[in-house]
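Visitor: Protein chains in written order, with UniProt numbering: chain A, 1 to 251; chain B, 1 to 251. Even glycine gets a Cβ: it sits at the ideal position worked out from N, Cα and C. Predicted model, so just to flag it, every value in this text is computed and none were measured.
Rendered as structure tokens:
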């Protein structure tokens with residue numbers, strides 16, 4: 001059905017708002033050490049292409065040439081059906097947390113089943129924002145010394161890439177759970193989330209004002225955490241459309 | 001009996017003839033990320049102490065202050081009973097070869113039994129010489145892309161350190177999947193399902209008639225398949241209540 005080019009056999013590593021070109025190049029090298037060659041970049045601070053990235057990537061320049069550039073996270077991972085967010089700090093968001101090892105095992109299973117998987121890496125200093133994490137299905141937390149967590153971007157990429165290589169060396173079983181299910185792609189979930197947010201805004205759901213943003217983030221987070229199929233997404237759109245139709249009707 | 005200070009509960013990481021001070025500093029940071037604080041240095045090219053190393057190590061400077069300096073490998077690891085040598089290329093030497101994971105498990109066992117263990121890391125460009133490796137009991141080979149093996153010194157230290165933490169930590173576990181989450185109980189999900197079904201019935205969602213039952217079943221099935229928290233259930237009740245309020249309002 002799908003040829004290997006269309007269904008890449010590895011996760012996409014997505015650098016979100018990376019700052020220094022050197023770090024993008026170093027991340028490319030770190031990836032290619034473990035045979036990962038699908039890089040995506042969201043809103044790089046210094047534009048794209050970046051000569052500093054190219055200089056640093058020596059030997060892994062192809063990853064930069066082929067990197068998929070986007071303006072925002074939602075667009076970048078729109079075609080993926082499972083998205084991990086890497087994070088150092090604990091977050092308030094309710095979301096499954098995996099070790100790099102468990103995450104890459106899961107990624108390998110999903111990819112073997114024909115799904116597209118992405119891993120988000122935040123900008124050097126601040127890491128991912130809650131807005132970004134709310135779009136992910138799960139979190140990858142790298143175990144580090146609680147007194148000293150100072151992994152840089154390329155090192156974080158390196159550790160997750162290393163676990164990818166370990167996971168794919170060992171993967172012998174395929175997850176049969178819900179085999180053949182058509183999982184919703186991230187972009188479809190994104191549309192669903194927008195649909196709900198827009199209508200609920202109209203209906204006055206996000207109240208009081210000072211809680212509106214966190215209510216929106218919680219709602220957005222919930223959609224990404226749910227294992228939604230395409231059929232689920234259609235049904236949830238239908239539910240909302242019907243409520244709107246009801247509103248418009250006189251009865 | 002030796003007290004804990006004399007018998008450190010971690011392996012010594014030995015940098016053999018390191019060149020750039022920056023790399024020594026970066027190696028210290030990489031180590032301390034995983035709680036490793038026993039550094040040894042053999043014949044650093046630019047002498048010791050090295051201000052570039054100190055500048056780079058920020059936050060892990062203690063490791064440099066306490067680093068044990070030697071002129072040669074034999075002296076440096078003289079007090080250890082088991083020595084690993086890290087190497088990228090295959091060697092002619094007949095010697096057990098371990099993955100980083102297996103090596104750090106073995107190190108943890110030996111250290112728990114009161115032994116001193118060291119890991120040798122070669123100079124940036126050339127790696128360890130056969131002379132050095134001949135002094136080791138075993139080799140650690142990091143699995144990398146055979147087409148592109150470009151780990152730098154700090155990255156190699158990072159991966160072995162990471163495996164040390166995995167071997168010893170409480171962090172090796174698969175996933176701390178949403179520990180502490182208040183999952184919705186079945187009865188709460190049941191109430192939620194009823195709430196939606198009743199209101200959607202009222203709104204005319206289950207149409208046409210002959211599909212109504214299977215639509216209800218699909219919707220009911222979805223609620224049970226979702227990993228809903230108590231907070232999710234409350235939010236989804238709120239969503240629906242708000243749509244009903246909106247319907248009742250004149251606007």
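Among A:114, A:152 and A:68, whose alpha-carbon lies nearest the alpha-carbon of residue 181 of chain A?
Guide: Cα-wise, what sits closest to residue 181 of chain A is A:114.
Visitor: Quick check on the DSSP output: the alpha helix (DSSP H) that includes residue 85 of chain B runs from which residue to which?
Guide: Not the alpha helix (DSSP H): residue 85 of chain B falls in the beta strand (DSSP E), residues 82-87.
Visitor: For residue 66 of chain A, tell me which candidate among A:85, A:53, A:39 and A:78 has the shortest Cα-Cα distance.
Guide: Comparing Cα-Cα distances from residue 66 of chain A to each of A:85, A:53, A:39 and A:78, the minimum goes to A:39.
Visitor: Taking C-alpha atoms, which residue in B:85, B:146 and B:101 lies nearest to residue 128 of chain B?
Guide: Nearest of B:85, B:146 and B:101 to residue 128 of chain B, Cα basis: B:85.
Visitor: Kindly indicate if chain A contains any beta-carbon less than 8 Å away from that of residue 203 of chain B.
Guide: So yes, residue 203 of chain B belongs to the interface.
Visitor: Beta-carbon separation of residue 77 of chain A and residue 121 of chain A under 8 Å?
Guide: No, the Cβ-Cβ distance between residue 77 of chain A and residue 121 of chain A is not below 8 Å.
Visitor: Checking 8 Å against the spacing of the C-beta atoms, do residue 154 of chain A and residue 60 of chain A come in under that value?
Guide: Not a contact, by the Cβ cut-off of 8 Å.
Visitor: With a threshold of 8 Å between beta-carbons, can residue 247 of chain A be considered close to chain B, or not?
Guide: With 8 Å as the cut-off, residue 247 of chain A counts as an interface residue toward chain B.
Visitor: Distance check for residue 34 of chain B and residue 161 of chain B, CA to CA, integer angstroms please.
Guide: Cα to Cα, the separation comes out at about 6 Å.
Visitor: Are three or more beta carbon pairs between the segment 10-28 of chain B and the segment 40-47 of chain B nearer than 8 Å?
Guide: Yes, they touch.
Visitor: Report the residue from B:225, B:146, B:203 and B:191 whose alpha carbon sits nearest the alpha carbon of residue 243 of chain B.
Guide: Selected option, being the one with the closest Cα: B:203.
Visitor: Let's see if you can read the secondary structure: which residues bound the beta strand (DSSP E) around residue 118 of chain A?
Guide: Residue 118 of chain A -> beta strand (DSSP E) spans 117-121.
Visitor: For residue 252 of chain A, which of helix, strand or coil comes out of DSSP?
Guide: As shown, chain A starts at 1 and ends at 251. That puts residue 252 of chain A outside it, with no answer to give.
Visitor: Could you name the residues of the same chain whose beta carbon sits closer than 8 Å to that of residue 6 of chain B, not counting the 5 residues immediately before and after it, in chain order?
Guide: Interpretation of residue 6 of chain B is limited by its pLDDT of 42, a score under 50 that renders its predicted location unreliable; the figure taken from the coordinates is listed afterwards. If we look at residue 6 of chain B and ignore the five residues flanking it on each side, it has no Cβ neighbours.
Visitor: Within a Cβ cutoff of 6 Å, which residues of the same chain sit near residue 175 of chain A, ignoring the five residues on either side of it in sequence?
Guide: With a pLDDT of only 40 at residue 175 of chain A, under the threshold of 50, the placement of this residue in the model should not be trusted; the figure read from the coordinates follows. Excluding sequence neighbours, residue 175 of chain A sits near 109.
Visitor: Within 8 Å of any Cβ in chain A, is that where the Cβ of residue 229 of chain B sits?
Guide: Yes, residue 229 of chain B counts as interfacial toward chain A.
Visitor: Excluding the five sequence neighbours on either side, which residues of its own chain have a C-beta within less than 8 Å of the C-beta of residue 13 of chain A, listed in chain order?
Guide: Closer than 8 Å at the Cβ level, and outside the excluded window around residue 13 of chain A, lie 27, 31, 36, 38, 39, 40, 118, 119, 121, 157, 160 and 161.
Visitor: By how many angstroms is the C-alpha of residue 201 of chain A removed from the C-alpha of residue 263 of chain A?
Guide: Within the shown structure, residues of chain A are numbered from 1 to 251, placing residue 263 of chain A beyond reach of any answer.
Visitor: Got a sec, what are the start and stop residues for the alpha helix (DSSP H) residue 12 of chain B sits in?
Guide: Note, residue 12 of chain B: premise wrong, no alpha helix (DSSP H); beta strand (DSSP E) at 12-16.
Visitor: Would you mind listing the alpha helix (DSSP H) stretches within the segment 127-200 of chain A that are 4+ residues and don't spill past its ends, in chain order?
Guide: If we require 4 residues or more, the alpha helix (DSSP H) runs fully inside the segment 127-200 of chain A come out as 130-133 and 153-170.
Visitor: Any Cβ of chain A within less than 8 Å of the Cβ of residue 32 of chain B?
Guide: Taking Cβ atoms only, chain A reaches closer than 8 Å to residue 32 of chain B, which makes this a yes.
Visitor: May I ask you to list, following chain order, the residues of the segment 182-203 of chain A that have a beta carbon less than 9 Å from some beta carbon of chain B?
Guide: If the cut-off is 9 Å between Cβ atoms, the segment 182-203 of chain A has 196, 199, 200, 202 and 203 near chain B.
Visitor: Here's the rule: buried if 16 or more other CB atoms are within 10 angstroms of the residue's CB, otherwise exposed. What is residue 211 of chain B?
Guide: Exposed.
Visitor: Since residue 151 of chain B meets chain A, which of its residues come closer than 7 Å, beta carbon to beta carbon?
Guide: Per Cβ cutoff of 7 Å: 33.
Visitor: Checking the sheet assignment: what are the DSSP bridge partners for residue 68 of chain B?
Guide: According to DSSP, residue 68 of chain B bridges with B:40.
Visitor: Across which residues does DSSP place residue 97 of chain B in a beta bridge pair?
Guide: In the DSSP output, where bridge partners are listed per residue, residue 97 of chain B has B:139.
Visitor: For residue 136 of chain A, which residues in chain B fall below 7 Å Cβ to Cβ?
Guide: Result: empty, since nearest Cβ-Cβ is about 14 Å, beyond 7 Å.
Visitor: Measuring only the C-alpha atoms, how far is residue 205 of chain B from residue 53 of chain A?
Guide: So the two alpha carbons sit approximately 54 Å from each other.
Visitor: Using the DSSP secondary-structure output, state which residues sit across from residue 229 of chain B in a beta bridge.
Guide: Answer is B:183, bridged to residue 229 of chain B.
Visitor: Between residue 69 of chain B and chain A, is any beta-carbon pair separated by less than 8 Å?
Guide: No, its Cβ sits nowhere closer than 8 Å to a Cβ of chain A.
Visitor: Looking at chain B, is there any beta carbon in it that lies within less than 8 Å of the beta carbon of residue 50 of chain A?
Guide: Taking Cβ atoms only, chain B never reaches closer than 8 Å to residue 50 of chain A, which makes this a no.
Visitor: When you compare only the Cα positions, how much space is there between residue 248 of chain B and residue 199 of chain A?
Guide: Spanning the two alpha carbons is a distance of roughly 15 Å.
Visitor: Judging by CA-CA distance, which residue of A:62, A:192, A:191 and A:137 is the nearest neighbour of residue 116 of chain A?
Guide: Looking at the Cα atoms, A:137 is the closest of the given residues.
Visitor: Taking 8 Å as the threshold (C-beta atoms), are residue 222 of chain B and residue 235 of chain A in contact?
Guide: For residue 235 of chain A and residue 222 of chain B, yes; Cβs fall inside 8 Å.
Visitor: Please say whether residue 102 of chain A and residue 217 of chain A have beta carbons closer to each other than 8 Å?
Guide: Their beta carbons are not under 8 Å apart, which means residue 217 of chain A does not touch residue 102 of chain A by this criterion.
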